[in-house]
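Enquirer: Take a look at the following structure, please.
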Amino acid sequence: MKSPILVTLAMLLAGGAAAQTLAPPAQQKGRSVKPAIPAPAPAPTEEEKPVAGATLRLSAALTQNDSLAIRSGVVWRIFEDSSQPDGSRKLVAESREANYSGQLPDGAYIVHAAFGLAGATRRIVIDGRNVSERLTLNAGGLKLIDLLGDTQLPAQRLAISIYVPERGNSEAKLVLANARSGEIISLPEGAYHIVSTLLDVSQGSQGDNNTTNSVVTADLRVPAGKVIEATLRHRAATMTLKLVKTPGGEALANTFFSVLTPGGDVIRELIGAFPSLALAEGEYVAIARREGKTFQTTFKVTSTQDRDVEISAQ
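The sequence shown: position 232 = 264 (my numbering), numbered continuously.
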């Protein structure tokens, strides 16, 4: 039979480190000393948390069958999919590169591609994998050429508006109020109504008073993937009004002029010794008022034939 002392020693030798762990805390100057417990590490802030994400690559094509992407002129805007309290969506990225490429955190987004007046929208989801998307714009191009006679008019002499027509109303929806002649305008595939107004750039015809009665319209269709060219021909000329005492004589100053259609509709009113104005081809009545007296004459405008219109003060 083993001695109790030997059994106790055997248990201590077998326990080893476990016996040390279970030993009572050491005494120091009559007080027990508790082992130090390390403080927990602080939780990472939102900025310190790793954000999963991936690369989003975007391109755009005019039609579904186009093998090549549009190489310039595309504006990309990427919004958060979730709406803000006011109903808007937060813009997270914007680019004018033809092919967009950027890193985005995981989440859902609304992608919009604008190409002139054409555009396309798509919802995409980033979930840790790279995403490539091509948006189809179903768009074409329109190039307007405005002529006066055989001479192409500069853009500053024109006010061009583009409308989407509806049945019974050719100007139902204005889509572009300042189209420029000679430039390619990107438009969604569809039917359009064009209104081109000649502007008067003669002295005294600046600002809001420089539109003329020379207006040309056209109805056309823009096909997807193609550029069409439309020629709009104005027929007008510039007339210089003069009140004279004798044919070919000196123009009388401080004269008030009115130009009317044969039916009596006022086209323009001007003041001066010899004011000028551009008028569409046709017949007109000119009335001059000076020092309480009124004089008038009729005249005809022939396209591209600028000339003086004399009103006799006799």
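We treat Cβ as the ideally placed atom computed from N, Cα and C, and that holds for glycine.
Taking the CB atoms as reference points, tell me whether V341 and A320 lie closer together than 7 Å.
Expert: Going by C-beta atoms, V341 is not nearer than 7 Å to A320.
Enquirer: If I follow the unbroken beta strand (DSSP E) through V196, where does it start and stop?
Expert: V196 -> beta strand (DSSP E) spans L190 to E198.
Enquirer: Nearest to F331 by CA position, among Y141, L252, T272 and L88, is which residue?
Expert: Cα-wise, what sits closest to F331 is T272.
Enquirer: L309 to R103, Cα distance in whole Å?
Expert: Between L309 and R103, the C-alpha separation is close to 44 Å.
Enquirer: In or out: D232 buried (at least 16 other Cβ within 10 Å) or exposed?
Expert: Its Cβ being crowded by 16 or more others within 10 Å, D232 is buried.
Enquirer: Contact defined as beta carbons within less than 8 Å: I believe F306 pairs with A283. What is the distance between those atoms, to the nearest angstrom?
Expert: Confirmed, Cβ separation roughly 4 Å.
Enquirer: If contacts are defined as beta-carbon pairs under 8 Å, then Q96 and T153 qualify, I think. What distance do you get, rounded to the angstrom?
Expert: Contact doesn't hold; Cβ gap of about 16 Å is too wide.
Enquirer: Using 8 Å as the cut-off, can you tell me whether the stretch 189 to 196 makes contact with the stretch 274 to 281, which would need three or more C-beta pairs spanning the two stretches below that distance?
Expert: Counting Cβ pairs under 8 Å, fewer than three are found: no touch.
Enquirer: Determine the DSSP secondary structure at A101, reduced to helix, strand or coil.
Expert: Reduced to three states, the DSSP call for A101 is coil.
Enquirer: In angstroms with no decimal places, state the Cα-to-Cα distance between L230 and R265.
Expert: When rounded, the distance between both Cα atoms is 10 Å.
Enquirer: Tell me where the beta strand (DSSP E) around V233 begins and ends.
Expert: Unbroken run through V233: none, as it is neither H nor E.
Enquirer: In whole angstroms, what is the alpha-carbon distance linking S358 and I303?
Expert: Any question about residue 358 goes unanswered here, given that the chain covers just 33 to 346.
Enquirer: Going by other Cβ atoms of all chains shown within 10 Å of its Cβ, with 16 needed for buried, is S35 buried or exposed?
Expert: Because the pLDDT of S35 is 44, which lies under 50, any placement of that residue in the model is unreliable, and the number read from its coordinates should be weighed accordingly. Answer is exposed; the Cβ neighbour count stays below 16.
Enquirer: In chain order, what residues of the same chain lie with their CB nearer than 7 Å to the CB of G314, ignoring the 5 residues before and after it?
Expert: The answer, listed in chain order, is V333.
Enquirer: Looking at the strands, I want to know which residues DSSP matches up with A145.
Expert: According to DSSP, which records beta bridges pairwise, A145 is partnered with W108 and A152.
Enquirer: Is A171 helix, strand or coil when you go by DSSP?
Expert: If DSSP states are grouped into helix, strand and coil, A171 belongs with the strands.
Enquirer: By how many angstroms is the C-alpha of L90 removed from the C-alpha of A101?
Expert: The alpha-carbon atoms of A101 and L90 are separated by roughly 10 Å.
Enquirer: Bridge partners of A211, per DSSP?
Expert: Partner(s): I192.
Enquirer: Nearest to A145 by CA position, among I158, E129, G139 and V157, is which residue?
Expert: Residue E129 is the option with its Cα nearest to A145.
Enquirer: Return the CA-CA distance between P57 and T87, expressed in angstroms with no decimal places.
Expert: Unreliable placement is indicated for P57, whose pLDDT of 44 sits below 50; the coordinate value is still reported in the next sentence. So the alpha carbons of these two residues sit roughly 58 Å apart.
Enquirer: Could you check the C-alpha separation between A250 and E301 for me, to the nearest Å?
Expert: Distance between the alpha carbons of A250 and E301 is about 29 Å.
Enquirer: What does DSSP give as the partner residue(s) for S114 in the beta ladder?
Expert: Per DSSP, none; premise fails for S114.
Enquirer: Identify whether A187 lies in helix, strand or coil by the three-state DSSP scheme.
Expert: Here A187 sits in helix by DSSP.
Enquirer: If you count every other CB in all the chains shown that lies within 10 Å of the CB of V157, and 16 or more means buried, which is it?
Expert: Burial call: exposed.
Enquirer: What does DSSP give as the partner residues of T95 in its beta bridges?
Expert: Looking at the DSSP assignment, T95 forms no beta bridge with any residue, so it has no partner.
Enquirer: Here's the rule I'm using: 16 or more other beta-carbon atoms within 10 Å means buried, otherwise exposed. How should P220 be labelled?
Expert: Buried, since its Cβ has 16 or more Cβ neighbours within 10 Å.
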